[in-house]
Amino acid sequence: MPRINLLPWREERRKRRQQQFNNAAAGIAVLAVLVVGYWLHTMNGNIDYQNQRNQYLKTEIASVDKRIAAIKDLKKTRKELLARMRIIEKLQQSRPQVVHLFDQLVRTLPDGVYLTSVSEKAGTLHLDGIAQSSARISTYMRNIAGSKWLADPNLTVIKADNKDGLHRKHFTLTAQITGPTKKTSS
């Protein structure tokens, strides 16, 4: 029987398989390096893209912040202008009041009563004057109470003065300034 040596064939087969394995391992290693390289390149691209988006958002946020600051300034300016307008409207509305007030001062002043000082503060009129008698002061207070533009007369000071042989009374009184619509009839 002839003897066949199968060892060289098996050894060649083993070498081929080893070479195929080495080639496959090298191919897989190259493929793995390519995949990792592609993945790193893609991730770096995504990171750069996200950084660009973040930078864009920062610039837009800064722009919007500037607009918000401008809007706040405009609102502040608007409030100031509205306050000025209210003051001007109030002054315009009170302009005729001064005329009526002086008219009422003249109309309510009886004979024998003279005013030396008139001042106004917060809707209260302070009147200083000289009268020939206390009765004339009482008449003046009744006239003020009956006025359309003045109300609530209150006598605070009355002094007798006998200088030069004249019997005069120095007085100080206050009255509230009202309008014809604010005065209630009783």
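Counting from 1 along the sequence shown, just add 164 to a position and that's the residue number in our numbering. For each residue, glycine too, the CB sits at the ideal point set by N, CA and C.
Simplified DSSP state of residue i, which is helix, strand or coil
{"i": "A286", "result": "coil"}
{"i": "P172", "result": "helix"}
{"i": "L204", "result": "helix"}
{"i": "L314", "result": "strand"}
{"i": "P274", "result": "coil"}
{"i": "R248", "result": "helix"}
{"i": "P166", "result": "coil"}
{"i": "K347", "result": "With a pLDDT of only 41 at K347, under 50, the local geometry of the prediction cannot be trusted, and no value is derived from it."}
Boundaries (first-last residue) of the beta strand (DSSP E) holding residue i
{"i": "N326", "result": "No beta strand (DSSP E) holds N326; DSSP gives it neither H nor E."}
{"i": "T338", "result": "332-341"}
Residue i, enclosing alpha helix (DSSP H) - first and last residue
{"i": "T303", "result": "298-309"}
Bridge-paired residues (DSSP) for residue i
{"i": "V321", "result": "T336"}
{"i": "G293", "result": "L279, F335"}
{"i": "A196", "result": "Paired residues: none, contrary to the question."}
{"i": "T234", "result": "Here residue 234 is Ala; the residue named in the question, Thr, does not match the sequence. Looking at the DSSP assignment, A234 forms no beta bridge with any residue, so it has no partner."}
May I ask you to verify whether the segment 301-317 touches the segment 271-281, counting CB pairs closer than 8 Å and requiring at least 3? yes
Could you check whether the segment 336-344 touches the segment 285-295, counting it as contact only if at least three pairs of C-beta atoms, one from each stretch, sit closer than 8 Å? yes
Do the segment 307-318 and the segment 259-274 touch if we need at least three Cβ pairs shorter than 8 Å? yes
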